[in-house]
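Peer 1: In this note's numbering, the protein residues as written are 335 to 626. All C-beta atoms in this analysis are idealised placements derived from N, C-alpha and C, irrespective of residue type, glycine included. To start, I am sharing the structure in question, which I have written as structure tokens.
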């Protein structure tokens with residue numbers, strides 16, 4: 335069933351995003367941070383959510399302490415978890431127990447009574463031509479292999495697809511709306527841009543109309559944009575980027591959608607985000623640009 339591919343893909347996509355955010359949190363982490371007591375029962379649970387597995391940069395924990403940046407990133411991490419919970423719930427809610435058992439039997443092609451990484455990789459490749467990386471398989475097994483024995487038992491598989499318990503119980507309306515927006519845009523080349531995307535398009539238009547951008551003027555424009563912005567930087571980045579990177583094609587799509595003419599070299603603007611590689615602006619570049 336194609337739903338299992340969508341399910342696994344969602345896990346991989348969102349866990350990869352969470353891993354990236356966790357790496358950044360580790361750099362800015364301050365152990366005096368306050369935590370949201372409506373979401374986490376204590377500080378230990380809060381830490382477990384942020385660092386459930388050892389990030390590559392954990393040996394540099396708090397090397398560049400920045401409480402403001404850290405709080406922004408933790409909010410992004412929580413929201414990403416909420417989005418993932420919502421997406422997975424929507425995918426599995428219409429599956430019957432019979433459907434779940436049939437999917438398990440299809441993956442367990444040798445009828446050994448367990449699923450390992452080889453079977454998952456083979457199933458996704460042969461049935462749906464979906465190629466998984468080693469990281470993808472790690473993300474899938476981290477979530478589903480509850481006893482961490484290297485195998486997904488039938489009980490663990492059924493629990494994954496029938497449990498309604500969410501890792502973050504406070505499911506925000508924003509997360510649900512975000513998922514619906516993503517689902518409705520899957521068949522469209524241009525996503526349904528948010529109000530903040532329109533504000534960003536206006537911001538980019540102001541930049542392209544300035545021949546020589548000085549730091550004072552740029553700072554003023556940034557402050558105006560941030561004051562009007564409502565959604566998170568991560569959501570905004572995802573709304574306009576066609577992949578994990580943002581480039582001038584994305585800015586062209588954005589401006590065209592809001593019927594704003596392009597009257598200068600967009601690469602010049604892209605260099606404001608990433609001077610060395612303007613065609614590969616990642617989320618960290620995007621966030622750094624607006625953080626002052």
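Counting only runs that start and end within the segment 418-450, where is the alpha helix (DSSP H) found for 4 or more residues in a row?
Peer 2: Those alpha helix (DSSP H) runs which fall completely within the segment 418-450 and span 4+ residues are 431-441.
Peer 1: Give the secondary structure of residue 538 by DSSP, where H, G and I count as helix, E and B as strand, and everything else as coil.
Peer 2: In the chain shown, the residue the question calls residue 538 occupies position 204. The answer is helix: DSSP assigns residue 538 an H, G or I state.
Peer 1: Identify whether residue 367 lies in helix, strand or coil by the three-state DSSP scheme.
Peer 2: The count along the chain shown starts at 1 and reaches residue 367 at position 33. DSSP places residue 367 in coil when its eight states are reduced to three.
Peer 1: Quick one, which of 590, 573, 594, 556 has its alpha-carbon nearest residue 607's?
Peer 2: Residue numbering aside, residue 607 sits at position 273 when the chain shown is read from its first letter. When each option's Cα is compared against that of residue 607, the closest is 556.
Peer 1: Less than 8 Å separating the beta-carbons of residue 457 and residue 491?
Peer 2: The count along the chain shown starts at 1 and reaches residue 457 at position 123. The count along the chain shown starts at 1 and reaches residue 491 at position 157. No.
Peer 1: Going by the beta-carbon positions, is the gap between residue 384 and residue 425 smaller than 8 Å?
Peer 2: As a first step, residue 384 must be located in the chain shown, where it is residue number 50. As a first step, residue 425 must be located in the chain shown, where it is residue number 91. It is not a contact, given that the beta carbons lie outside the stated cut-off.
Peer 1: Does DSSP put residue 615 in a helix, in a strand, or in coil?
Peer 2: The sequence position of residue 615 within the chain shown is 281, counting from 1. Strand at residue 615.
Peer 1: Going by the C-beta, is residue 350 closer than 7 Å to any heavy atom of the ligand MG?
Peer 2: Because no ligand of any kind appears in the structure shown, any question about the ligand MG cannot be addressed here.
Peer 1: Would you say residue 562 and residue 598 are within 8 Å of each other, going by their C-beta atoms?
Peer 2: On the chain shown, position 228 is the one that residue 562 refers to. On the chain shown, position 264 is the one that residue 598 refers to. The answer is no: Cβ separation not under 8 Å.
Peer 1: Kindly indicate the opening and closing residues of the alpha helix (DSSP H) around residue 496.
Peer 2: Start at 1 with the first residue of the chain shown, and residue 496 comes out as number 162. Here the alpha helix (DSSP H) through residue 496 covers 488-496.
Peer 1: I'd like the span of the alpha helix (DSSP H) that includes residue 355, first residue to last.
Peer 2: Your numbering for residue 355 matches position 21 in the chain shown. 336-362 is the span of the alpha helix (DSSP H), which, as asked, contains residue 355.
Peer 1: Select from 615, 343, 619 the residue whose C-alpha is nearest the C-alpha of residue 473.
Peer 2: Locating residue 473 in the chain shown gives position 139, counting from the first residue. The candidate whose alpha carbon is nearest that of residue 473 is 343.
Peer 1: Using the Cα positions of residue 361 and residue 398, report the straight-line distance between them to the nearest angstrom.
Peer 2: In the chain shown, counting from the first residue as 1, residue 361 sits at position 27. In the chain shown, counting from the first residue as 1, residue 398 sits at position 64. Those two C-alpha atoms are separated by around 6 Å.
Peer 1: Considering just the uninterrupted stretch of the alpha helix (DSSP H) at residue 379, what are its terminal residues?
Peer 2: Locating residue 379 in the chain shown gives position 45, counting from the first residue. Here the alpha helix (DSSP H) through residue 379 covers 377-384.
Peer 1: Please list the terminal residues of the continuous alpha helix (DSSP H) segment that includes residue 562.
Peer 2: Here the question's residue 562 lines up with position 228 in the chain shown. It spans 549-562 - the alpha helix (DSSP H) in which residue 562 sits, taken as one unbroken run.
Peer 1: Do you know how far the Cα of residue 592 is from the Cα of residue 611?
Peer 2: Here residue 611 corresponds to residue number 277 of the chain shown, with the count starting at 1. Here residue 592 corresponds to residue number 258 of the chain shown, with the count starting at 1. Approximately 26 Å, taken between the alpha carbons.
Peer 1: Just tell me which of 381, 376, 618 has its CA closest to the CA of residue 364.
Peer 2: Here residue 364 corresponds to residue number 30 of the chain shown, with the count starting at 1. The shortest C-alpha separation from residue 364 is found at 381.
Peer 1: Once the 5 residues before and after residue 551 are set aside, which same chain residues still bring their CB inside 7 Å of it?
Peer 2: In the chain shown, counting from the first residue as 1, residue 551 sits at position 217. Taken in chain order, the residues that qualify are 544.
Peer 1: Tell me which same chain residues have a C-beta within less than 8 Å of the C-beta of residue 443, skipping the five on either side of it?
Peer 2: Counted from its first residue, the chain shown places residue 443 at position 109. Taken in chain order, the residues that qualify are 453, 456, 457.
Peer 1: Any idea what DSSP makes of residue 395, helix, strand or coil?
Peer 2: To locate residue 395, count along the chain shown from 1; it is residue 61. Coil, per DSSP.
Peer 1: What does the Cβ neighbour count give for residue 366, buried or exposed, with the cut at 16 atoms within 10 Å?
Peer 2: What you label residue 366 is simply residue 32 of the chain shown in a count that begins at 1. Answer is exposed; the Cβ neighbour count stays below 16.
Peer 1: Could you tell me if residue 377 is buried or exposed, where buried requires 16 or more neighbouring beta carbons within 10 angstroms of its beta carbon?
Peer 2: Walking along the chain shown from the start, residue 377 turns up at place 43. Answer is exposed; the Cβ neighbour count stays below 16.
Peer 1: From residue 406 to residue 530, what distance separates their C-alpha atoms?
Peer 2: Within the chain shown, the letter at position 72 stands for residue 406. Within the chain shown, the letter at position 196 stands for residue 530. About 17 Å.
Peer 1: Please check the pair residue 320 and residue 470, which I expect to be a contact at CB under 8 Å, by giving their CB distance rounded to whole angstroms.
Peer 2: There is no way to answer for residue 320, as the model of the chain reaches only from 335 to 626.
Peer 1: Cα separation between residue 422 and residue 400?
Peer 2: Along the chain shown, read from residue 1 onward, the residue named residue 422 stands at position 88. Along the chain shown, read from residue 1 onward, the residue named residue 400 stands at position 66. Roughly 33 Å separates the two Cα atoms.
Peer 1: What residues in its chain sit with their C-beta under 7 Å from that of residue 395, if we drop five residues either side in the sequence?
Peer 2: Taking the chain shown and counting its residues from 1, the one referred to as residue 395 is at position 61. Excluding positions up to five away in sequence, the list reads 360, 363.
Peer 1: Can you give the Cα-Cα distance for residue 595 and residue 588, rounded to whole angstroms?
Peer 2: Numbered from its first residue, the chain shown carries residue 595 at position 261. Numbered from its first residue, the chain shown carries residue 588 at position 254. Rounded to whole angstroms, residue 595 to residue 588 spans 11 Å at the Cα level.
Peer 1: Going by DSSP, what residue range makes up the alpha helix (DSSP H) through residue 475?
Peer 2: Position 141 of the chain shown, counted from the start, is the residue given in the question as residue 475. From DSSP, the alpha helix (DSSP H) with residue 475 extends over 468-478.
Peer 1: Between residue 539 and the rest of its own chain, which residues show a CB-CB distance below 6 Å, the 5 nearest in sequence each way excluded?
Peer 2: Here residue 539 refers to the residue found at position 205 of the chain shown. So the list reads 594, once near-sequence residues are dropped.
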